[in-house]
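> In numbering that gives the first Met the number 0, the protein residues as written are 0 to 354.
Heads up, the beta-carbon is just placed ideally off N, CA and C, and yes, glycines get one too.
Computed from a predicted structure; not experimentally measured.
So that we are looking at the same thing, I have put the structure below in structure tokens.
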Amino acid sequence: MKQKLIFTEQPGVAIDILIEEMGTPQVVVVADTNTAQFVLPRLVNDSKSVASAKLITVKAGEPHKNLESLTGLWKSLSDMNATRSTVVVNLGGGMVSDMGGFAAATYRRGMRCINVPTTLLAAVDASVGGKTGINFNGLKNQIGSFSEPEASVISTIFFNTLPGQQILSGYAEMLKHALLKDETTLAKLLAYIPDGAGFDPETLLPLVEESVLVKADIVEQDLREANLRKALNFGHTVGHAFESFAFKSGSPIPHGYAVAWGMTVELILSHMEAGFSSETLHRFAAYIKQNYGSFEISCDDYPALIENMRSDKKNMSADEINFTLLSAPGKPEINRTASEEQIGAALDIYCDLML
Ligand code: GLY
Numbered sequence: 000m001k002q003k004l005i006f007t008e009q010p011g012v013a014i015d016i017l018i019e020e021m022g023t024p025q026v027v028v029v030a031d032t033n034t035a036q037f038v039l040p041r042l043v044n045d046s047k048s049v050a051s052a053k054l055i056t057v058k059a060g061e062p063h064k065n066l067e068s069l070t071g072l073w074k075s076l077s078d079m080n081a082t083r084s085t086v087v088v089n090l091g092g093g094m095v096s097d098m099g100g101f102a103a104a105t106y107r108r109g110m111r112c113i114n115v116p117t118t119l120l121a122a123v124d125a126s127v128g129g130k131t132g133i134n135f136n137g138l139k140n141q142i143g144s145f146s147e148p149e150a151s152v153i154s155t156i157f158f159n160t161l162p163g164q165q166i167l168s169g170y171a172e173m174l175k176h177a178l179l180k181d182e183t184t185l186a187k188l189l190a191y192i193p194d195g196a197g198f199d200p201e202t203l204l205p206l207v208e209e210s211v212l213v214k215a216d217i218v219e220q221d222l223r224e225a226n227l228r229k230a231l232n233f234g235h236t237v238g239h240a241f242e243s244f245a246f247k248s249g250s251p252i253p254h255g256y257a258v259a260w261g262m263t264v265e266l267i268l269s270h271m272e273a274g275f276s277s278e279t280l281h282r283f284a285a286y287i288k289q290n291y292g293s294f295e296i297s298c299d300d301y302p303a304l305i306e307n308m309r310s311d312k313k314n315m316s317a318d319e320i321n322f323t324l325l326s327a328p329g330k331p332e333i334n335r336t337a338s339e340e341q342i343g344a345a346l347d348i349y350c351d352l353m354l
């Protein structure tokens with residue numbers, strides 16, 4: 000993988016070293032309205048390259064990851080005479096690294112960027128692996144590119160002001176990486192509860208590092224998601240279906256929670272269709288129920304949920320729905336399919352286990 004990964008409790012120092020290694024170019028910080036107000040001042044104190052950088056602020060929130068904001072970003076880069084050697088520092092969650100990364104990938108045919116994720120979710124997912132882009136025509140990440148940043152500077156010091164719900168949301172992606180790694184890593188994460196009150200940045204950082212390295216290893220083998228990287232979609236077919244269902248019902252749920260419940264259903268399918276251990280499934284489901292609660296569904300909701308799964312962008316065939324299943328922790332089986340009957344049976348078991 001081209002991208003450097005730096006895990007540190009002194010992100011400002013790490014950024015300065017990186018900028019020096021890159022030949023001390025002009026630096027532009029892209030931040031959203033929240034990180035510009037609450038995180039940037041802290042980094043300005045610790046980093047001379049951030050202190051002397053120009054700032055572009057974008058409106059916070061996924062709905063603003065759109066063509067209008069991107070055009071604004073390109074225009075600001077142009078107005079400040081950014082060149083191909085200028086370095087963009089994306090300071091924020093996944094929305095900022097997705098859009099700032101895409102602006103950097105396309106402005107003057109490509110400039111370098113560094114991601115500095117300020118949420119746990121972005122640290123373990125969006126900031127690593129080079130997926131960049133914007134939402135377009137009502138569809139998520141419809142326009143984009145695979146363009147790896149020069150580096151991600153990952154620090155848990157930014158997370159101690161995040162609400163507990165956001166920490167748990169990121170932790171769900173860490174659980175996914177643990178399921179893709181091995182039984183020992185999974186057991187370690189299931190023994191840790193990253194709740195708002197008990198969350199300790201220093202204990203979390205090594206777990207974050209281990210988690211990011213699982214993703215980095217997969218991305219290194221398959222940057223453009225031709226094969227193995229599809230395993231990173233584990234839990235997301237059902238998770239996205241839950242997320243859309245909740246959104247349409249007017250009670251949106253956080254992405255990571257949807258993934259946590261989606262992984263539970265997909266582990267049930269894995270048990271039914273790929274021999275995943277019942278004991279590990281029960282331990283996982285109990286952890287999710289205890290820390291994330293349950294997504295309430297009834298069998299009347301199955302047709303709408305299955306329809307959402309069918310319209311997921313990963314599904315080409317109308318008859319069967321595509322999944323990554325696991326035969327055991329660390330043993331993903333990509334390009335598996337399940338019928339409506341099999342999904343209905345898995346949702347029945349989810350209701351028995353979780354509700
Ligand atoms: N978020 C999954 C991936 O980067 O492939």
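Considering only heavy atoms of ligand 1, does any lie closer than 8 Å to the CB of GLU8?
Here residue 8 corresponds to residue number 9 of the sequence shown, with the count starting at 1. No - ligand 1 has no heavy atom lying nearer than 8 Å to the Cβ of GLU8.
> According to the neighbour-count rule (16 or more other Cβ atoms, all chains shown, within 10 Å of its Cβ), is MET79 buried or exposed?
Within the sequence shown, the letter at position 80 stands for residue 79. Label assigned to MET79: exposed.
> Out of curiosity, what's the CA-to-CA distance linking HIS63 and TYR349?
Position 64 of the sequence shown, counted from the start, is the residue given in the question as residue 63. Position 350 of the sequence shown, counted from the start, is the residue given in the question as residue 349. About 35 Å.
> Report buried or exposed for LEU346, applying the criterion of at least 16 other Cβ atoms within 10 angstroms of its Cβ.
As a working mapping, residue 346 is identified with position 347 in the sequence shown. The residue in question, LEU346, is buried, as its Cβ has 16 or more Cβ neighbours within 10 Å.
> Pull up the DSSP beta-bridge partners for VAL57, would you.
Start at 1 with the first residue of the sequence shown, and residue 57 comes out as number 58. For VAL57, which the question treats as bridged, DSSP gives the partners ASP31.
> Under the rule that 16 or more other beta-carbon atoms within 10 Å means buried, what is PHE244, buried or exposed?
Here the question's residue 244 lines up with position 245 in the sequence shown. With 16 or more other Cβ atoms within 10 Å, it is buried.
> By the three-class DSSP mapping on this structure, what secondary structure does ARG41 have?
Locating residue 41 in the sequence shown gives position 42, counting from the first residue. If DSSP states are grouped into helix, strand and coil, ARG41 belongs with the helices.
> Output the distance between the C-alpha atoms of PHE275 and GLU224, rounded to the nearest integer angstrom.
Indexing the sequence shown from 1 puts residue 275 at position 276. Indexing the sequence shown from 1 puts residue 224 at position 225. Roughly 24 Å between the two C-alpha positions.
> Confirm, please, whether the CB-CB distance from GLY169 to THR105 is below 9 Å.
In the sequence shown, residue 105 corresponds to position 106, counting from 1. In the sequence shown, residue 169 corresponds to position 170, counting from 1. Not in contact: THR105 and GLY169 (Cβ atoms no closer than 9 Å).
> Whole angstroms are fine: how far does the CA of SER248 sit from the CA of GLU8?
Locating residue 8 in the sequence shown gives position 9, where the first residue counts as 1. Locating residue 248 in the sequence shown gives position 249, where the first residue counts as 1. C-alpha separation (whole angstroms): 41 Å.
> Cutting at 6 Å between CB atoms, please list the residues of its own chain near PHE294, excluding the five before and the five after it.
Translated into positions along the sequence shown, residue 294 becomes position 295. These residues qualify, in order along the chain: PHE241, TRP260.
> Just curious, the beta strand (DSSP E) that GLN141 is in, first and last residue?
By one-based count along the sequence shown, residue 141 stands at place 142. Run containing GLN141: 138-145, per the beta strand (DSSP E) assignment.
> If contacts are defined as beta-carbon pairs under 8 Å, then LEU203 and THR155 qualify, I think. What distance do you get, rounded to the angstrom?
Residue numbering aside, residue 203 sits at position 204 when the sequence shown is read from its first letter. Residue numbering aside, residue 155 sits at position 156 when the sequence shown is read from its first letter. That belief holds up - the Cβ atoms of LEU203 and THR155 are roughly 5 Å apart, short of 8 Å.
> GLY100 to GLU306, Cα distance in whole Å?
Here residue 100 refers to the residue found at position 101 when the sequence shown is read from its first residue. Here residue 306 refers to the residue found at position 307 when the sequence shown is read from its first residue. One C-alpha to the other measures close to 32 Å.
> Less than 8 Å separating the Cβ of ASN232 from some heavy atom of ligand 1?
Along the sequence shown, one-based indexing puts residue 232 at 233. ASN232 Cβ: within cutoff of ligand 1.
> CB-CB under 8 Å to SER277, same chain, minus the five flanking residues each way: which ones, in chain order?
Here residue 277 corresponds to residue number 278 of the sequence shown, with the count starting at 1. Once the five neighbours on either side are set aside, the close Cβ partners of SER277 are HIS270.
> Would the C-beta of ALA125 count as close to ligand 1, meaning under 8 Å from any of its heavy atoms?
In the sequence shown, the residue the question calls residue 125 occupies position 126. Yes, the beta carbon of ALA125 sits closer than 8 Å to at least one heavy atom of ligand 1.
> Residues in its own chain within less than 6 Å of PHE135 by CB, not counting five upstream and five downstream?
Your numbering for residue 135 matches position 136 in the sequence shown. Same-chain partners within the cutoff: GLN141, ILE142.
> How would you label ASN114, buried or exposed, when you count the other beta carbons within 10 angstroms and need 16 or more for buried?
For the purposes of this step, residue 114 is taken as the residue at position 115 of the sequence shown. ASN114 should be labelled buried.
> Under the criterion of a Cβ to heavy atom distance below 8 Å, does GLY143 qualify as lining ligand 1?
If you number the sequence shown from 1, residue 143 lands on position 144. No, Cβ of GLY143 sits at least 8 Å from all heavy atoms of ligand 1.
> How would you write the range of the alpha helix (DSSP H) that VAL127 sits in, first residue to last?
For the purposes of this step, residue 127 is taken as the residue at position 128 of the sequence shown. Segment: none, VAL127 is in no alpha helix (DSSP H) and carries neither H nor E.
> If you draw a straight line from the C-alpha of MET0 to the C-alpha of ASP216, how long is it?
One-based indexing of the sequence shown puts residue 0 at position 1. One-based indexing of the sequence shown puts residue 216 at position 217. Looking at the two C-alpha atoms, the distance is approximately 8 Å.
> Is it true that the CB of GLY91 sits closer than 9 Å to the CB of PRO116?
Walking along the sequence shown from the start, residue 116 turns up at place 117. Walking along the sequence shown from the start, residue 91 turns up at place 92. It is a contact, given that the beta carbons lie within the stated cut-off.
> Whole-angstrom Cβ separation of GLY234 and VAL258, contact assumed at under 8 Å?
Position 235 of the sequence shown holds residue 234. Position 259 of the sequence shown holds residue 258. Rounded, the Cβ-Cβ distance is 5 Å, consistent with contact.
> Out of curiosity, what's the CA-to-CA distance linking GLU319 and MET110?
Looking up residue 319 in the sequence shown gives position 320. Looking up residue 110 in the sequence shown gives position 111. The alpha-carbon atoms of GLU319 and MET110 are separated by roughly 42 Å.
> Regarding LYS3 and ligand 1, is the C-beta to nearest heavy atom distance less than 8 Å?
The sequence position of residue 3 within the sequence shown is 4, counting from 1. No.
> Does DSSP classify ILE192 as helix, strand or coil?
Position 193 of the sequence shown, counted from the first residue, corresponds to residue 192. Note: ILE192 maps to coil in three-state DSSP.
> Any idea what DSSP makes of PRO302, helix, strand or coil?
The residue labelled residue 302 in the question sits at position 303 within the sequence shown. Here PRO302 sits in helix by DSSP.
> When burial is assigned at 16 or more other CB atoms within 10 Å of the CB, is GLY60 buried or exposed?
If you number the sequence shown from 1, residue 60 lands on position 61. Exposed: under 16 other Cβ atoms inside 10 Å.
> Grab me the residues of GLU172's own chain with a C-beta within less than 7 Å of its C-beta, minus the 5 sequence neighbours each way, in chain order.
Position 173 of the sequence shown, counted from the start, is the residue given in the question as residue 172. Contacts found: LEU120, VAL123, ASP124, GLY255, VAL258.
> Mind checking whether the beta-carbon of GLU242 lies closer than 8 Å to any heavy atom of ligand 1?
As a position in the sequence shown, residue 242 is number 243, starting the count at 1. Because no heavy atom of ligand 1 lies under 8 Å away, the Cβ of GLU242 does not count as near it: no.
> Which value, in whole angstroms, describes the spacing of the CA atoms of GLY343 and SER46?
Residue 343 sits at position 344 when you count from the first residue of the sequence shown. Residue 46 sits at position 47 when you count from the first residue of the sequence shown. Each residue's alpha carbon lies about 53 Å from the other.
> Count the other CB atoms within 10 Å of the CB of GLU20; is the residue buried (16 or more) or exposed (fewer)?
The sequence position of residue 20 within the sequence shown is 21, counting from 1. So GLU20 ends up on the exposed side.
> How about LYS214: is its Cβ closer than 8 Å to a heavy atom in ligand 1?
In the sequence shown, counting from the first residue as 1, residue 214 sits at position 215. Checking the Cβ of LYS214 against ligand 1 gives yes.
> Between LYS53 and the rest of its own chain, which residues show a CB-CB distance below 6 Å, the 5 nearest in sequence each way excluded?
One-based indexing of the sequence shown puts residue 53 at position 54. For LYS53, where only same-chain residues beyond five positions count, the Cβ hits under 6 Å are VAL27, MET79.
> According to DSSP, is THR336 part of a helix, a strand, or is it coil?
On the sequence shown, residue 336 is found 337 positions in, with the first residue counted as 1. In this structure, THR336 counts as strand in the three-state DSSP scheme.
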